[in-house]
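Report on the following structure.
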Amino acid sequence: MKVLVAGGAGYIGSHMVAELLDSGYEVVVFDNLSKGHREAVLGGEFVEGNLLDQNKLDETFKKYKIDAVMHFAADSLVGESMTKPDKYFRNNVVGGLNLLDAMMKYEVKKFIFSSTAAIFGEPDKIPIEENNTKLPTNTYGESKLAFEKILRWYDHAFGLKYVCLRYFNAAGAHKTGKIGEDHNPESHLIPIVLQVALGKREQIDIFGDDYKTEDGTCVRDYIHITDLAQAHILGLKKISVDNAQSTQYNLGHGQGLSVKQIIKVSEEVTGKKIKVKIAPRRAGDPATLIASSVKIKKELNWKPQFEDIHKIIDSAWQWHKNHPNGYSK
Ligand code: UDP
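Take the sequence shown: its letters are residues 1117 to 1445, numbered as in the numbering used here.
What follows is the structure, given as structure tokens:
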């Protein structure tokens, strides 16, 4: 089966490409390299292109006989989304629609969508189940929720079969040590904490310690990037059978860790003292996001290999130690 991976040069997309290749799939990556890295794509065909360029999409679907699409090409920074809603709706909704329209034109009807816990906003129930109330507190989450709704009607009208995977917090790096997390500028908690451990940053700013959580800092559900990628392959198998049904899964462990706990585990893993500073809250951050993983474990038989946060952070640490400047030399 040939899978088009939109955004396959990014952090999550590149790990997805590695898992697909390992599992025997053919891969075509479509990425504009605005944030991704060409070196992160370990194999398959590579097309440099933007989802806002419908001609390029058309050309790509015409050239390669694509069977299924996995879509990671999106803007995903909560903070930035609050000041640039135009960018988030254009790239995440309009760009995604262009991709769907190319799929429909070439009769590609299998789609795996990278959605997010941010569609729920401040949860009314924890752990968060798939049918929890959805009231995003940031533009990023709103753009992903809008796209989930669009998918439902593409299924209804055109027979698109899809799985939405709502990520909680992805972390860690590939077992080969060849690919890992490298954003510029970095905004995610674990890479920043590890940059402090490496002496590349003075301190970690904790965005708020007055949340209604046990230690006052935000609680998130961290899963390993390889476990996350595996869920996509299981999702693709689910929609590859006759009479497949589209659906959504929350993708996390069901365990919450606070920002302070992540810093403590990082100190244990790295053996370095991490200097912290309490900073103001970041706009749009809910206090606690913890997934219920009951549905995905039951229906997809998803079995995460990395249950322990020490192992997840150690996997990230190996990458950062060996690539202190990320992909750049
Ligand atoms: N965070 C923080 N300092 C940082 C970066 C992140 O305190 O420099 C917090 C952030 O407010 C959130 C958690 O760490 O509660 C995880 O943030 P991240 O950006 O890694 O992922 P997100 O939850 O936004 O997807």
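Idealized CB from N, CA, C, for every residue including glycine. Treat the numbers as computed from the prediction; the structure is a model and nothing was measured.
Nearest neighbour of residue i, chosen from the options [CA to CA]
{"i": "Lys1391", "options": "Leu1367, Val1312 and Ser1130", "result": "Val1312"}
{"i": "Leu1276", "options": "Tyr1443, Phe1146, Phe1205 and Leu1216", "result": "Leu1216"}
{"i": "Gly1370", "options": "Asn1214, Ser1409, Asn1207 and Pro1402", "result": "Ser1409"}
{"i": "Gly1372", "options": "Arg1282, Tyr1204, Leu1350 and Ala1407", "result": "Ala1407"}
{"i": "Gly1324", "options": "Ala1403, Leu1350, Asn1366 and Lys1353", "result": "Ala1403"}
{"i": "Asp1080", "options": "Asp1202, Gly1400 and Pro1243", "result": "The requested residue 1080 is not part of the displayed model; the chain covers only 1117 to 1445."}
{"i": "Lys1291", "options": "Ser1431, Glu1384 and Gly1129", "result": "Ser1431"}
{"i": "Met1198", "options": "Asn1254, Val1185 and Lys1151", "result": "Asn1254"}
{"i": "Gln1319", "options": "Thr1342, Glu1383 and Val1133", "result": "Glu1383"}
{"i": "Leu1213", "options": "Lys1328, Leu1173, Phe1422 and Ile1394", "result": "Leu1173"}
{"i": "Gln1170", "options": "Lys1225, Lys1414 and Ala1218", "result": "Ala1218"}
{"i": "Ser1374", "options": "Ile1355, Ala1134, Ile1322 and Glu1415", "result": "Ile1322"}
{"i": "Tyr1060", "options": "Leu1405, Leu1416 and Arg1154", "result": "For residue 1060 there is no data in the structure shown, the boundaries of the chain being 1117 and 1445."}
{"i": "Glu1223", "options": "Thr1333, Asn1417, Glu1302 and Val1185", "result": "Val1185"}
{"i": "Thr1329", "options": "Lys1376, His1272, Ala1360 and Ala1286", "result": "Lys1376"}
{"i": "Asp1147", "options": "Glu1302, Val1133 and Tyr1141", "result": "Val1133"}
{"i": "Gly1140", "options": "Pro1420, Ile1349 and Ile1394", "result": "Ile1349"}
{"i": "Leu1193", "options": "Glu1155, Leu1167, Tyr1256 and Asp1202", "result": "Tyr1256"}
{"i": "Gln1421", "options": "Asp1343, Lys1437 and Ala1347", "result": "Asp1343"}
{"i": "Ile1355", "options": "Asp1271, Ile1128, Ile1266 and Ile1378", "result": "Asp1271"}
{"i": "Lys1414", "options": "Ala1287, Ala1347, Lys1200 and Asp1202", "result": "Ala1347"}
Range of the contiguous beta strand (DSSP E) that encloses residue i
{"i": "Leu1281", "result": "Lys1277 to Tyr1283"}
{"i": "Ser1230", "result": "Lys1226 to Thr1232"}
{"i": "Met1186", "result": "Ala1184 to His1187"}
{"i": "Thr1363", "result": "Thr1363 to Leu1367"}
{"i": "His1340", "result": "Tyr1338 to His1340"}
{"i": "Phe1263", "result": "First-last for Phe1263: Thr1255 to Phe1274, but that is the alpha helix (DSSP H), not the beta strand (DSSP E)."}
{"i": "Ala1395", "result": "Val1392 to Ala1395"}
{"i": "Val1157", "result": "That residue, Val1157, is in no beta strand (DSSP E); it is neither H nor E in DSSP."}
{"i": "Phe1205", "result": "Here Phe1205 belongs to no beta strand (DSSP E); instead the alpha helix (DSSP H) covers Pro1201 to Phe1205."}
{"i": "Asp1147", "result": "Glu1142 to Asp1147"}
Boundaries (first-last residue) of the alpha helix (DSSP H) holding residue i
{"i": "Thr1176", "result": "Gln1170 to Lys1179"}
{"i": "Ile1308", "result": "Leu1305 to Ala1313"}
{"i": "Leu1120", "result": "It is not in any alpha helix (DSSP H) - Leu1120 instead sits in the beta strand (DSSP E) that spans Lys1118 to Ala1122."}
{"i": "Asp1321", "result": "Counting along the chain, Asp1321 falls outside any alpha helix (DSSP H), though it belongs to the beta strand (DSSP E) covering Ile1320 to Phe1323."}
{"i": "Glu1297", "result": "No alpha helix (DSSP H) contains Glu1297, which DSSP labels as neither H nor E."}
{"i": "Val1466", "result": "Beyond the ends of the chain as shown, which are 1117 and 1445, falls residue 1466; an answer cannot be given."}
{"i": "His1426", "result": "Ile1425 to Asn1438"}
{"i": "His1131", "result": "Tyr1127 to Asp1138"}
{"i": "Asn1214", "result": "Gly1211 to Lys1221"}
{"i": "Leu1193", "result": "Premise fails: Leu1193 is in no alpha helix (DSSP H) and is neither H nor E."}
{"i": "Glu1415", "result": "Val1410 to Leu1416"}
Beta-carbon contacts of residue i that lie in its chain and below 8 Å, excluding the five residues immediately before and after
{"i": "Glu1264", "result": "Phe1229, Ser1231, Ile1235, Cys1280 and Gln1364"}
{"i": "Leu1137", "result": "Val1143, Leu1158, Gly1159 and Gly1160"}
Close Cβ partners of residue i (< 6 Å) along its chain, the five nearest in sequence each way excluded
{"i": "Pro1440", "result": "Leu1314"}
{"i": "Gly1152", "result": "Ala1125 and Gly1126"}
{"i": "Gly1296", "result": "Ala1289 and Trp1435"}
{"i": "Ile1182", "result": "Lys1118, Leu1120 and Val1224"}
{"i": "Gly1195", "result": "Arg1398"}
Anticipated Cβ contact below 8 Å, residue i with residue j, distance rounded
{"i": "Val1144", "j": "Glu1161", "result": "4 Å"}
{"i": "Tyr1204", "j": "Ser1150", "result": "Not a contact, Cβ separation roughly 14 Å."}
{"i": "Leu1352", "j": "Lys1226", "result": "7 Å"}
{"i": "Asp1401", "j": "Cys1334", "result": "6 Å"}
{"i": "Ala1345", "j": "His1131", "result": "5 Å"}
{"i": "Ile1306", "j": "Arg1317", "result": "So it is not a contact: roughly 13 Å between Cβ atoms."}
{"i": "Lys1221", "j": "Phe1177", "result": "7 Å"}
{"i": "Ile1339", "j": "Gly1368", "result": "6 Å"}
{"i": "Asp1298", "j": "Tyr1443", "result": "5 Å"}
Proximal residues to residue i (C-beta, below 7 Å), its chain only, five neighbours per side dropped
{"i": "Glu1465", "result": "The first residue shown for the chain is 1117 and the last is 1445, placing residue 1465 beyond what the model contains."}
{"i": "Leu1251", "result": "Gly1237"}
{"i": "Trp1433", "result": "Leu1310, Val1385 and Thr1386"}
Within-8 Å CB hit, residue i to chain B
{"i": "Asn1208", "result": "In the displayed structure, chain B is absent; only one protein chain is listed."}
Contact test: residue i Cβ vs the ligand FAD heavy atom, cutoff 7 Å
{"i": "Phe1323", "result": "Of the ligands this structure carries, namely the ligand UDP, none is the ligand FAD."}
- Okay, do the segment 1389 to 1405 and the segment 1421 to 1430 touch, 3+ Cβ pairs below 8 Å being the bar? no
- Message: So, does the segment 1182 to 1189 touch the segment 1199 to 1217, judging by three or more C-beta pairs under 8 Å?
- Response: yes
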